[in-house]
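Chemist: Below are the C-alpha cells for one structure; questions will follow.
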Amino acid sequence: MSLSASFTSLDIPRDNTPISDIYARYRPQRIEIAGAQGHPTPLVESIAMASVAPPMPSNTANAELRLPARLIEEGHLSEAQLETIIMAHDAHGRDLPGRFTIDDDQTKLSRADDDPDARAYRLGYFLGDGTGCGKGRECAGLILVNWLAGRRKAIWVSKSATLIEDAIRDWTDLGGSPADIQPLSKWKPDQPIPMGDGILFVTYATLRSAGKCGTTRLSQILDWMGEDFDGVLAFDEAHAMQNAAGSEQGRGVKPSQQGLAGLRLQLAAPCARVFYISATGATSVHNLAYAARLGLWGQGPEYPFPSRESFVSAMEAGGVAAMEVVARDLKTLGLYTARALSFDGVEYDVLEHALTPAQIEIYDAYAGAFRTIHHNLEAALTATGVNDASGETNASAARASAKSRFESTKQRFFNHLLMGMKAPSIIHAIKDDLAAGKACVIQVVSTGESLLKRRLETMDPEDELVEGALTPRDYVLGYLEQAFPIYAQKLVEIDGNMVAEPLRDETGALVVSREALALRDAAMMELMTLAPIPSALDQILWAFGDEAVAEVTGRSIRPLKAEDGHLFIEKRFASNNSSETQAFMDGEKDILIFSDAGGTGRSYHAAQTAKNQKRRRHYLLEPGWRADAAIQGLGRTHRSAQVSAPFFRVCTSDVHGEKRFTSTIAKRLDQLGALTKGQRETGSQGMFREEDNLESPIARAALRGYFADLAAGRAEAMSFESFTDWTALRLIDKDGVLLEELPPIQRFLNRVLALPIHMQNALFAEFMRRIADQTERARAAGTLDLGVETLRGEKIEQVSTEDLWTCPKSGAVTRIIGLKVTDPVHVLGAEEAISRNPDKLPMVNRASGRAALISARPMQMYDEDIVTLMRKAVRPNGSSYLEETRLESSAWEEIGKPEFSRLWDAEAASLPKTTTTKLYLLTGLLLPIWKDIPTTNERIYRVTPDGATAMIGRTLSEEGAAALRARFLVSNPQTPQEMLTAALGTTAPVNLGRGLTLTRRRVAGEMRLELGGVDRGMIDGLKALGCFTEIIAFQLRVFLPHGDRVDTVDILARIVGLETAMTSEQAA
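In my numbering, the protein residues as written are 13 to 1080.
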C-alpha cells in the first residue's frame, strides 16, 4: 500500500549546530518529513556545507512523491535518506537551461535553442554521502519512487559484478523482488534484452566493452531503454568515470574509455533521471567531466562557465578554496548533498618507525646501488648510441622510455622497502593491541603477487623458496633484465633529420653492446649483494600465521610459513575473501589485512550484529596514490550501527623522503575533501596536515628558489656538484644559467627518496625551512589558501550588509558583509625576539630610528616565475620581507645588542594594546559569479559576529568589495574612485576613456597598477603627476603609484583630466 511521503518545507532553514571547526550535526535544513526517524548513527556535515541551505522543494515534488507507509514508520528509510530522495526527485523535475544537439562522438553537447532537432536535458543529482549513510538504500528508494509513479525501467551502474548482491539487498529491504534486478552480463552483447520492467545492473567494465560482432554494450543498453527513457539512471561509485574527458598529466592526456562510455550513456538519454553516487566524487577538478548533467558549464548566461575547460581553468586558478565552493554551491542549487557518519569516538594517531642503525646501513647501501645504476644507465645510453658523446640524445623516445621505467621502478622499490622496514614496529604494535582486547585491520595497496609469480617462474622446481627471494629488490632486477638499454643503435636520416634506430645483424637479430651489457651486469651484481627486506604483508602474515590473519586481497597465490620455518605456496580463490571476512567478523580471527580488492563494499567494523565486537585498530600502512581508494578503505571500519568507533593509525617512518608518499596522498585528499564535502579537512579525516602536502604552489615556489641557491652554491645541506651527482637532476644549461624548465617537485621528491638517510634528512630540513618562510610570506600578504578558517578576535562586529546578487533559479542571495575585528596586540621583548631569531642580525634604520631583526643572508623567492632576492625583517609589530636591492640602498645598518634592545623595547612599549581591522566577507552563492570575484585574496572564513549567527564566506579587501559593487550595483565606473576600486578588484583592464586603461598586475612579486594606452607624448606629464616608469623585458611600462602615503584617487583624477588636455593639444 502506498501513500504520499508528506513533507513540509521550511521557509527559514534549520541551523545545524557545529560540533568542531570541521563538522556540524546534520538534520535536513529545508524540510520536515512526517513520521520520519533519525539515522541509526548520528550524521555530520562539514561546517562549510552546513553554512548553506538547499532550496525548498517544489509543491509538485511533494504531490508526486509516494512510498509504502511502513518504510517510513519502521525507519527502513531514515530522515536523511528520505531527504535525498525528495531533493533528487525535485531536481529531476527540472531541465538544464536551453536545448541541445550532440556531437558525432556522442560526448559533447552544443546549445541550439532554435534547432528543431535539439533536445532538452533533464537535470541530474549528485549524492556524495560517506560510508555508512546508506547510499545504496537511497538509490533503491529513488528507483522505488519512480517505480510507483509508473517508470518501471531503471539502470544501476556499479563498480563490480559482486556488488549486485548489495543492490538486491537494498532493493528487497524496501519491498522489491530479487528478480527485479538482472545483470547485463546475463545476455551476450549481440542479444536483445528480453526483460520488460526491471532494474538492469551494469558494471563500468561491461559498459565500455563490445561483443565479437562489433556490437557495443552501450548500444545494447540504449535499445532496451528506448528513445524516451525517463527512468532512473544511477551511477553508483561514479568516480569510476573520472577522466571522462582526459586530464593534462605530466606526460600528456590520459583518456578513459570507461568515463567516455558513462558520458555517452548520459547524453544519449536526455530524459533519464541521472543520479550520481560517490563518497569520493573526484580527486581532481579535471575528473568532474563525467558530471555533465549538473549545469556547471554550458553556453548561455544561465551557466557559470561557457565550457568544461573554462570551469576547470577557473577552479585550478582558485585552488582548493575554489573547489570548496563547487560543493557548497551545488547544494545551494539543490543538486548535491554530502553527509558522513559522526566521528564521535573516532581517534587518530601516527605510528612512526625509527629506522635502526642496521636498517639505515641497508637503506644507504641501496641508495648507493641506485646511484651506480643511474650512472651506468647514462653510460649505457651513450654506449648503445642513444646519446652522443656530448650527452645529447639521438633517440628521444628510447631515452625517455629507459629513464621513465627506471624512475617508476625506483619509486616503487623504495615504497616497498620502507613498508618492509616499518613492519617490525607494526607487528609489535599489533601484539600490544591484541593483548589489550582489540581487533586489528591493516590497509595496504600492493600485495607483491606479480613479484612472487615472476620468482616462481624463474625457479627450479626442486629449489626451496626462501624469504630472501621475495623482496622488492626483484623489481629492480626485473628492470635491469628487461628494460636496461643494452642494444646498440645506429644513426639514420629520416626527412632530413638524423635519428637513432636499433642495429641488427645479418640474421635480423638485435646487436648487443658489450659495454652496456657489462654495465648492466655490474649493477645487478652490486644489487644482489645487498640484504633483502621481505614485504610488510608477508612479514605480518608470517609473524601471526594464517590461522590468526584474515587476508582480503586480490592475489591468487601467497607464500606461507610452516612450523619448521620453511616457505610454501598456497593457492587462493575469489571465494576466500568472503570466507576470510566472515571469519574476522565472527571473531575466529582478530587480524584482517586488505588491499583495494577488499576496499569497496565490505564491512570490517565492530557491528552490532557481529560476533567480533572488539574495537577496531585500523592501520593505514599504505594509502597508495588514489585518494578515493584510501577513503573507501577507511570507511570499512567506520560504519552505521557499530558498538564502538575505530582508532585510525597512520604508519610512517623517520625517513624524510617518505614525505614523497604522504605528500601525494595529502594533496589528493585535500582536493577530494574540497570537491566532495565542501571542505578540504574532511578528505583526510584529520590524519594529514597541510604541511604534509609538498605539491602545493607554495612548495613549488620554494623549490624553485632552492634550485637557484643550489646552483649558486648558497645551499647548506649539499653542494651543487654532490646534488647533481646523486640525483642526476639537471638544473643549469651548458653556460651555467639556471634552466627555464626546472624539474617538477614530484621528480625532486623521487630523487631525494633515493639519497642516503643523512643526506635526505639534511636536504629536507633545509627545504622545509624554505617552505615555512614562503608560507609565512603568503600569510602576511593574505594569499595563503588554508580552506575554511575560523576567524577569531577579542571583538567581531558586523557593521554592514549589502545584497549583491540574487540567483534567478534558486533565489539564493550573494551578500557583502562588513566586519570590524578587534584583536589584542602581542609584542615580544627584545631578548625573546633575539632568541627566537638566531639567524637574523640586529639592525637599525638610521633614517627612522627603528630597530629590526633582518636575515643574515638573502634567500631566492619565486612569485609568478619572477625571482627576487629577499630578506626577512622582524619588527615589534610584525614581520615583512625586504628586497635585497632596496635593503642595499636603504638606511639599515647592523648595531650592537644593547642599542638594539633599547630601541626595540621603546617602540614595543609605544604600540597600541589592540588593533582593529576592517574586512568584508562575500557570502551565499558564489559559483555563478565566480569570474567576477577579485582574485587577490581567496581565504575562506567562518565568522560568528557578536550577537549574530555564524556565517562562512570568502574575504574581500575594501577595494575588492568596491569593485563588486561597481560590477553589480554600479553599471559603469565613472568617477576616479570607482575606476580605482574597479581596477583593484579585478585583473581586467578598466577603461579610463580615450584609449587609456588601468590594470592591476603583479610585477617582481608586488601588486602594481599599470597604465595602458600611453603614448610617448604623455610620459613626461604622467611622471610629473607622480607616475613612474620601468623598463621590463625591453618595454617601457608606466605605473600609477598606490599605497598608504599616496593619494592615488587625486592622481587618477588629474590623469583623466590631463589625458583629455593632451588629446586636445595633439589634435591642435
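Even glycine gets a Cβ: it sits at the ideal position worked out from N, Cα and C.
#1: Does DSSP put M68 in a helix, in a strand, or in coil?
#2: Under DSSP, the alpha helix (DSSP H) around M597 begins and ends at which residues?
#3: Does the beta-carbon distance from S21 to M68 come in below 7 Å?
#4: Report yes if the CB atom of L1159 is closer than 7 Å to the CB atom of N849, and no otherwise.
#5: I believe V297 touches E249 by the beta-carbon criterion, under 8 Å. Please report the beta-carbon distance rounded to the nearest angstrom.
#6: Determine, using beta carbons only, whether L1064 and P988 come nearer to each other than 7 Å.
#7: In this structure, does DSSP put I581 in helix, strand or coil?
#8: Within its chain, find whatever has a CB closer than 8 Å to the CB of A103; leave out the 5 residues flanking it on each side and keep chain order.
#9: Relative to the C-alpha of P313, which residue among P497, L939 and A845 is closest?
#10: Taking Cβ positions, are E1085 and N762 nearer each other than 7 Å?
#11: Does the Cβ of K689 have 16 or more other Cβ atoms within 10 Å, making it buried, or fewer, making it exposed?
#12: Since L765 and F719 are thought to touch, with beta carbons under 8 Å apart, how far apart are those beta carbons, to the nearest angstrom?
#13: Would you grab the beta carbon distance between R351 and Y38 for me? Rounded to a whole angstrom, and I think it's under 8 Å.
#14: Taking T483 as the reference, give the member of E513, Q758 and L542 with the closest Cα.
#15: Given that a residue counts as buried once 16 or more other Cβ atoms are within 10 Å of its Cβ, and exposed if not, what is H668?
#16: Can M855 and M871 be called in contact, C-beta distance under 7 Å?
#17: Using 7 Å as the threshold, is the C-beta distance between L803 and M730 below it?
#18: Sort F213, G142 and R149 by Cα distance to K171 and report the nearest one.
#19: May I have a chain-ordered list of the beta strand (DSSP E) segments no shorter than 3 residues that lie completely inside the region 165 to 221?
#20: If you drop the 5 nearest sequence neighbours on each side, which residues of the same chain put their C-beta closer than 6 Å to that of D1062?
#21: Considering L933, what are the terminal residues of the beta strand (DSSP E) in which it resides?
#22: Which residue comes first and which comes last in the alpha helix (DSSP H) that contains A161?
#23: From D1133 to S354, what distance separates their C-alpha atoms?
#24: Could you check if K623 is buried or exposed, using at least 16 other CB atoms within 10 Å of its CB as the buried criterion?
#25: Near A711, which residues of its chain fall below 7 Å by C-beta distance, leaving aside the five closest residues on each side in sequence?
#26: Buried or exposed for E582, please, with buried defined as at least 16 other CB atoms from any protein chain shown within 10 angstroms of its CB.
#27: Are the beta-carbon atoms belonging to K884 and S867 less than 7 Å from one another?
#28: Measuring only the C-alpha atoms, how far is I205 from Q232?
#29: According to DSSP, is R614 part of a helix, a strand, or is it coil?
#30: Short of 6 Å in beta carbon distance, which residues of its chain neighbour I374, apart from the five on each side in sequence? Order them along the chain.
#31: Using the Cβ count rule (16 or more neighbours within 10 Å means buried), how would you classify T926?
#32: I'd like the ranges of any alpha helix (DSSP H) spanning at least 4 consecutive residues and lying wholly in the region 293 to 371.
#33: Quick check on N631: does DSSP put it in helix, strand or coil?
#34: To the nearest angstrom, how far is it from the Cα of Q261 to the Cα of N255?
#35: So, under 8 Å CB-CB, R651 and T143 are touching, yes? Tell me the CB distance rounded to an integer number of Å.
#36: Assuming R123 is part of the alpha helix (DSSP H), what are its boundary residues?
Modeler: Straight from the coordinates:
#1: coil
#2: It spans A586 to M597 - the alpha helix (DSSP H) in which M597 sits, taken as one unbroken run.
#3: Yes. Within cutoff.
#4: The requested residue 1159 is not part of the displayed model; the chain covers only 13 to 1080.
#5: Actually they do not touch by this definition, with Cβ atoms about 19 Å apart.
#6: yes
#7: strand
#8: If we look at A103 and ignore the five residues flanking it on each side, its Cβ neighbours are L135, G136, Y137, G346 and L347.
#9: L939
#10: The chain is shown from 13 up to 1080; residue 1085 falls before or after that span and cannot be answered.
#11: Note that K689 has pLDDT 43, beneath the 50 cutoff, so the model's placement of it is unreliable and the number below is only indicative. The residue in question, K689, is buried, as its Cβ has 16 or more Cβ neighbours within 10 Å.
#12: Not a contact, Cβ separation roughly 17 Å.
#13: 5 Å
#14: L542
#15: Under this definition H668 is a buried residue.
#16: no
#17: No, they are not a contact pair.
#18: F213
#19: 165 to 170, 193 to 195 and 210 to 215
#20: none
#21: T926 to T935
#22: From DSSP, A161 is part of no alpha helix (DSSP H); its letter is neither H nor E.
#23: For residue 1133 there is no data in the structure shown, the boundaries of the chain being 13 and 1080.
#24: exposed
#25: Only I757 and I783 meet the Cβ criterion.
#26: exposed
#27: yes
#28: Taking the straight line joining both Cα atoms gives about 8 Å.
#29: coil
#30: A543
#31: exposed
#32: 320 to 344
#33: Just to set this straight, residue 631 is Tyr in the shown sequence, not Asn. In this structure, Y631 counts as strand in the three-state DSSP scheme.
#34: The predicted model places Q261 with a pLDDT of 45, which falls under 50 and marks its position as unreliable, so this point remains unresolved.
#35: 6 Å
#36: Counting along the chain, R123 falls outside any alpha helix (DSSP H), though it belongs to the beta strand (DSSP E) covering L121 to R123.
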